[in-house]
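Colleague: Before I ask anything, here is the structure I am working with.
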Amino acid sequence: MTAPLEADLKDPGKSAPPGEQGGSSDPVLRAKYLDYCSARVAELLLQLTPDEMYLLAQDATQESESEAAEPLSYTQIVQLATNRISRKLSLPDFPTWVEAYREDPQRYDREMLGLWESDLKTSDRSAE
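Numbers in this note's numbering are just positions in the sequence shown, counted from 1, shifted up by 701.
So, in structure tokens, the structure goes:
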């Protein structure tokens, strides 16, 4: 289910997390991009054993707690672990992904979870 040449999509000059780069303001493309990135992270999370997930969370906690005054909450630990996975995957930034998506939309559409459709429906309802 991993996209071919996924690592080639990463623009090494960009360092913002996925979804935070400039580019097209098309809400459908933005939703599809977030769906694509979510699918990549979810795929890797599902492949982890419970022991691997625990170690990932422990590493993220130790790294962050040395800077924090108080112990991290479970939600913060999960966020740190997810961020670490996102970095490991070298997900493309939004403008790079849009360019690649426009060249071959079917390649990306078949790897999405379909979350982008519900995201758009929710956005439409809140705009009313």
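Think of the CB as a built atom: it goes at the ideal place given N, C-alpha and C, for glycine as much as any other residue.
What ranges does the beta strand (DSSP E) occupy inside the region 747-783, keeping only unbroken runs of at least 3 residues that lie completely in it?
Modeller: DSSP runs (the beta strand (DSSP E)) wholly in the region 747-783: none.
Colleague: Using CA coordinates, which residue listed in GLY815, GLU800 and LYS789 is at the minimum distance from LEU745?
Modeller: The residue with the shortest Cα to Cα distance from LEU745 is LYS789.
Colleague: Mapping DSSP to helix, strand and coil, what is ASP736?
Modeller: Here ASP736 sits in helix by DSSP.
Colleague: Quick one: is TYR734 buried, meaning 16 or more other Cβ sit within 10 Å of its Cβ, or exposed?
Modeller: Buried is the call here.
Colleague: Going along the chain, which residues of its own chain have a beta-carbon closer than 6 Å to the beta-carbon of TRP798, five neighbours each way excluded?
Modeller: Answer for TRP798: TYR734, listed in chain order.
Colleague: Looking only at its chain, what residues have a beta carbon closer than 7 Å to the beta carbon of LEU816, apart from the 5 residues adjacent to it on each side?
Modeller: So the qualifying residues of the chain are ASP736 and SER739.
Colleague: Might you give, ordered along the chain, the residues of its own chain that have their beta carbon closer than 6 Å to the beta carbon of LEU814, omitting 5 neighbours on each side?
Modeller: Once the five neighbours on either side are set aside, the close Cβ partners of LEU814 are ASP736 and ALA740.
Colleague: Which two residues bound the contiguous alpha helix (DSSP H) that contains ASP810?
Modeller: That run of the alpha helix (DSSP H) goes 806-810.
Colleague: Quick test of your reading: LEU781 and SER765, contact by CB under 8 Å. State the CB separation rounded to the nearest angstrom.
Modeller: Between SER765 and LEU781 the Cβ distance is about 6 Å, and since that is below 8 Å, they are a contact.
Colleague: In chain order, what residues of the same chain have a beta carbon less than 7 Å from the beta carbon of GLN722, not counting five sequence neighbours either side?
Modeller: Annotation note: pLDDT 44 at GLN722 (below 50); position unreliable, no value reported.
Colleague: Between SER787, TYR775, ASP727 and SER819, which lies nearest to GLU758 when the distance is taken from Cα to Cα?
Modeller: Checking the sequence, you will find Ala at residue 758 rather than Glu. The option with the nearest alpha carbon to ALA758 is TYR775.
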